[in-house]
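Numbering (the UniProt record's numbering), first residue to last: 1 to 598. This report refers to the structure that appears directly beneath it.
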């Protein structure tokens, strides 16, 4: 009456030797099963195990029809311990997103997981099986990228939980990339659903999980790229991807603006407060990398990633993209050095960057850390949310430089932070949408500027203007619209960056200690104290700040490019290193307090 179904890597065609065995215990018919077990005294007498307990006595300890998942998993763990030979290290992990019983089979040297209520997991496995059957290049590509990610310590959480990508999330990133190749290698989930017949319709827990049951139902793709080009294209695609401003949707085959999901989380909270008895599917947990499950659209498959893990993934993609365009990737080294895939798979790239220090401060777009009011304004701005956020950041930078650090700021009258936010929002909706919405339109492809050529530089457009894309293709965002405000001229007459910790301790002797950058009022007092008590600079420090917004084909962020006057270059180095840490934290504080408005 009950079933146990395998899913995951062991059966989705992407497994490797000694991979874990994921099992789904289907107890839909357990009421009937338990009723029969209780009514049959003959079975009770025959089912005696070695330790003198019967299987029926184990089942009689719990009513499966009313038991909680944790109680049922405890029962499963008990049965494994008592009734299954060679099984050891049985324990229940009830804190996981899907509670699980973990075990180890000694004779087979096999790690196993048993979950309940995981029909979606089984369906996801069928989906990966379909994709593998439709596209023969998928399996070697997945194996290659998984191995690369493992070597770079980007994927694989040994304890089952952690801040790294899991294999399923990495596989979905590969599928999404292939959906966006030109021509597409894989169809979107919506397109697959439309190809399905009535008998293949499948709805699980309210989610439409319909797709063809056989690969033969899906027409072959017209993409003829070899595996080498597809591998290089994967790194190029994600090296330029705007993770901060996007939510990846395999269902639609495009990246959705993250602002579509900002107020959704708030609405979920309100609905649960008003009617807590009802169950509403929550919005996805937003984070540095937002990757929707193809079917359970409330689940961010990469929701476990932290900022550090995401930065590592992006950095390694950028390094791999550069390497795949080099001759060393394509041709054997005459000096006996590692080359090709071997060098790509080395745990640490041998590339040494001796770039001169750039006086640029980056302020990343972090949607989840923004105040609720600003999130709502960004959602109203639609595809122009980047411009509105940039305006708020510039206003916050002005507050930090003038009010907190006591700089004299000379800003042009047309500086972006002096614009009316309503005007910025309107401009974003009307104009910027043309720039940003097409980034992940399902008709736009990874290869919009020509097929990725291994060992070659990115080709420029044929026209004289490098911002113009080839005929018939949509122009790339980064080429087309990186918004830049007029430069600001700043003057600092005091060393407000020196001795701040000592002054802060003096001011906070009778107050609760607060971390640096957490209190705008306190930091302003620290600067005022230094200005009043300390000697000023012999020569005022003058420098320019050039605000610039980037996004669309890379992570959305505000860049502050700084240029000191020739006379104060040495002193400015100390000030700049202070600003690198202090300014982003204080901007976040100002935005939280609503101080980023006009």
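Cβ coordinates follow ideal geometry from the N, Cα and C atoms, glycine included. As the structure is a prediction and not an experimental result, all values here were calculated from the model.
Q) Out of curiosity, what's the CA-to-CA distance linking residue 153 and residue 289? A) As a first step, residue 153 is located in the chain shown; it is residue number 153 there, counting from the start. As a first step, residue 289 is located in the chain shown; it is residue number 289 there, counting from the start. Taken atom to atom, the span from the alpha-carbon of residue 153 to that of residue 289 is near 17 angstroms.
(Q) For a test of the three-state rule: what should DSSP assign to residue 562, helix, strand or coil? (A) In the chain shown, counting from the first residue as 1, residue 562 sits at position 562. Looking at residue 562 - three-state DSSP - the assignment turns out to be strand.
Q) Nearest-angstrom Cα distance between residue 232 and residue 324? A) As a position in the chain shown, residue 232 is number 232, starting the count at 1. As a position in the chain shown, residue 324 is number 324, starting the count at 1. Their backbone Cα atoms lie some 6 angstroms apart in a straight line.
Q.
Based on DSSP bridge pairs, tell me the residues matched to residue 300.
A. As a working mapping, residue 300 is identified with position 300 in the chain shown. Beta-bridge pairing links residue 300 to 292.
Q | Cβ neighbour criterion (16 or more within 10 Å) applied to residue 567 | A | By 1-based counting over the chain shown, the position of residue 567 is 567. Residue 567 is exposed by the Cβ-count criterion.
Q: Assuming residue 235 contacts residue 321 (C-beta within less than 8 angstroms), just tell me the rounded distance between them.
A: Counting from one through the chain shown, the residue named residue 235 turns up at place 235. Counting from one through the chain shown, the residue named residue 321 turns up at place 321. Between residue 321 and residue 235 the Cβ distance is about 4 angstroms, and since that is below 8 angstroms, they are a contact.
Q) Nearest to residue 251 by alpha carbon, out of 215, 100, 211, 258? A) If you number the chain shown from 1, residue 251 lands on position 251. Nearest C-alpha to residue 251: 211.
Q. Roughly how far, in whole angstroms, is the beta-carbon of residue 377 from the beta-carbon of residue 263, given that I think they are within contact range, below 8 angstroms?
A. For the purposes of this step, residue 377 is taken as residue 377 along the chain shown, with counting starting at 1. For the purposes of this step, residue 263 is taken as residue 263 along the chain shown, with counting starting at 1. About 10 angstroms separates the two Cβ atoms, so there is no contact after all.
Q: May I ask whether a heavy atom of the ligand MN can be found less than 7 angstroms away from the beta carbon of residue 240?
A: By its list of ligands, the structure shown contains no ligand whatsoever, and the ligand MN lies outside what it can speak to.
Q. For residue 302, does the count of other Cβ atoms within 10 angstroms reach 16, so buried, or fall short, so exposed?
A. Indexing the chain shown from 1 puts residue 302 at position 302. Sixteen is the threshold: when 16 or more other Cβ atoms of the shown chains lie within 10 Å of the Cβ of residue 302, as they do, the residue is buried.
Q. Out of curiosity, what's the CA-to-CA distance linking residue 411 and residue 186?
A. Reading the chain shown from its first residue, position 411 is the one you call residue 411. Reading the chain shown from its first residue, position 186 is the one you call residue 186. Their backbone Cα atoms lie some 50 angstroms apart in a straight line.
Q. What distance in whole Å lies between the Cβ atoms of residue 165 and residue 155, which are believed to be in contact at a cut-off of 8 angstroms?
A. Position 155 of the chain shown, counting from 1, holds the residue named residue 155. Position 165 of the chain shown, counting from 1, holds the residue named residue 165. With 8 angstroms as the limit, residue 155 and residue 165 qualify as a contact, their Cβ atoms being about 4 angstroms apart.
**Q.** Minimum length 4: unbroken alpha helix (DSSP H) runs contained in the segment 124–178
**A.** List check, alpha helix (DSSP H) in window: 138–151.
**Q.** Option nearest residue 282 by Cα separation, candidates 403, 207, 175
**A.** Locating residue 282 in the chain shown gives position 282, counting from the first residue. Of 403, 207, 175, the residue nearest in Cα terms is 207.
Q) Alpha carbon to alpha carbon, how far is residue 52 from residue 246? A) In the chain shown, counting from the first residue as 1, residue 52 sits at position 52. In the chain shown, counting from the first residue as 1, residue 246 sits at position 246. Any answer about residue 52 is weak, because its pLDDT of 44 lies below 50 and its placement is not dependable; what the coordinates show is given next. Going by the C-alpha atoms only, they are around 59 angstroms apart.
Q | Sequence-distant residues of its chain with Cβ nearer than 7 angstroms to residue 198 (five each side left out) | A | To locate residue 198, count along the chain shown from 1; it is residue 198. The answer is none, since no qualifying residue turns up.
Q) Quick one, are the C-beta atoms of residue 132 and residue 139 less than 8 angstroms apart? A) Locating residue 132 in the chain shown gives position 132, counting from the first residue. Locating residue 139 in the chain shown gives position 139, counting from the first residue. Cβ distance < 8 angstroms, so residue 132 and residue 139 count as in contact.
Q) Considering only residues of the same chain and omitting the five flanking positions on each side of residue 134, which have a CB-CB separation below 6 angstroms? A) For the purposes of this step, residue 134 is identified with residue 134 of the chain shown, where counting begins at 1. Excluding positions up to five away in sequence, the list reads 215, 218.
Q. According to the neighbour-count rule (16 or more other Cβ atoms, all chains shown, within 10 Å of its Cβ), is residue 573 buried or exposed?
A. Taking the chain shown and counting its residues from 1, one reaches residue 573 at position 573. Label assigned to residue 573: exposed.
Q. How should residue 94 be labelled, buried or exposed, when 16 other C-beta atoms within 10 angstroms of its C-beta is the threshold for buried?
A. As a position in the chain shown, residue 94 is number 94, starting the count at 1. Under this definition residue 94 is an exposed residue.
Q.
Using a 10 Å radius around the Cβ and a threshold of 16 neighbouring Cβ atoms, would you call residue 179 buried or exposed?
A. Mapped onto the chain shown, residue 179 falls at position 179. That one is buried.
Q) What whole-angstrom Cβ distance do residue 385 and residue 257 have, given they're in contact under 8 angstroms? A) Taking the first residue of the chain shown as position 1, residue 385 is located at position 385. Taking the first residue of the chain shown as position 1, residue 257 is located at position 257. Indeed, because the Cβ distance is near 7 angstroms, the residues count as touching under 8 angstroms.
Q: Quick one: give me the first and last residue of the alpha helix (DSSP H) that residue 584 is part of.
A: For the purposes of this step, residue 584 is taken as the residue at position 584 of the chain shown. Residue 584 -> alpha helix (DSSP H) spans 569–592.
Q) CA-CA distance, residue 540 and residue 366? A) Walking along the chain shown from the start, residue 540 turns up at place 540. Walking along the chain shown from the start, residue 366 turns up at place 366. Distance between the alpha carbons of residue 540 and residue 366: 35 angstroms.
Q: May I ask you to report which of helix, strand or coil DSSP gives residue 548?
A: On the chain shown, residue 548 is found 548 positions in, with the first residue counted as 1. Residue state, collapsed to three classes: strand.
Q) Cβ atoms of residue 409 and residue 488: under 8 angstroms apart, would you say? A) On the chain shown, position 488 is the one that residue 488 refers to. On the chain shown, position 409 is the one that residue 409 refers to. Taking 8 angstroms as the Cβ cut-off, residue 488 and residue 409 qualify as a contacting pair.
Q.
Cutting at 6 angstroms between CB atoms, please list the residues of its own chain near residue 90, excluding the five before and the five after it.
A. On the chain shown, position 90 is the one that residue 90 refers to. Counting only Cβ-Cβ distances below 6 angstroms, and skipping sequence neighbours, we find 77, 80, 81, 103.
Q) How about residue 92 and residue 84: do their beta carbons lie closer than 8 angstroms? A) Indexing the chain shown from 1 puts residue 92 at position 92. Indexing the chain shown from 1 puts residue 84 at position 84. For residue 92 and residue 84, no; Cβs fall outside 8 angstroms.
Q: Just the C-alpha distance for residue 363 and residue 298, rounded to the nearest angstrom, thanks.
A: Taking the first residue of the chain shown as 1, we reach residue 363 at position 363. Taking the first residue of the chain shown as 1, we reach residue 298 at position 298. Rounded to whole angstroms, residue 363 to residue 298 spans 28 angstroms at the Cα level.
Q: Report yes if the C-beta distance between residue 151 and residue 347 is below 8 angstroms; otherwise report no.
A: Counted from its first residue, the chain shown places residue 151 at position 151. Counted from its first residue, the chain shown places residue 347 at position 347. A contact, by the Cβ cut-off of 8 angstroms.
Q | Integer Cβ distance of residue 239 from residue 317, believed to fall under 8 angstroms | A | Sequence index remark: in the chain shown, residue 239 carries index 239 (1-based). Sequence index remark: in the chain shown, residue 317 carries index 317 (1-based). The Cβ separation is near 4 angstroms, so the contact holds.
Q. Going along the chain, which residues of its own chain have a beta-carbon closer than 7 angstroms to the beta-carbon of residue 441, five neighbours each way excluded?
A. As a working mapping, residue 441 is identified with position 441 in the chain shown. Bear in mind that a pLDDT of 44 at residue 441, under 50, signals an unreliable position, so the number given afterwards is only what the model happens to contain. Closer than 7 angstroms at the Cβ level, and outside the excluded window around residue 441, lie 254.
Q. According to the Cβ coordinates, are residue 401 and residue 490 closer than 8 angstroms?
A. Counting from 1 along the chain shown, the entry for residue 401 is found at position 401. Counting from 1 along the chain shown, the entry for residue 490 is found at position 490. When the beta-carbon positions are compared, residue 401 and residue 490 come within less than 8 angstroms of each other.
Q) Alpha carbon to alpha carbon, how far is residue 508 from residue 147? A) Translated into positions along the chain shown, residue 508 becomes position 508. Translated into positions along the chain shown, residue 147 becomes position 147. Their Cα atoms are separated by approximately 52 angstroms.
Q. Between the Cα of residue 300 and the Cα atoms of 249, 3, 225, which residue gives the shortest distance?
A. Start at 1 with the first residue of the chain shown, and residue 300 comes out as number 300. Considering only alpha carbons, the answer is 249.
Q. Taking all protein chains shown into account, do 16 or more other C-beta atoms lie within 10 angstroms of the C-beta of residue 342, making it buried, or fewer, making it exposed?
A. Position 342 of the chain shown, counted from the first residue, corresponds to residue 342. With fewer than 16 Cβ atoms within 10 Å of its Cβ, residue 342 is classed as exposed.
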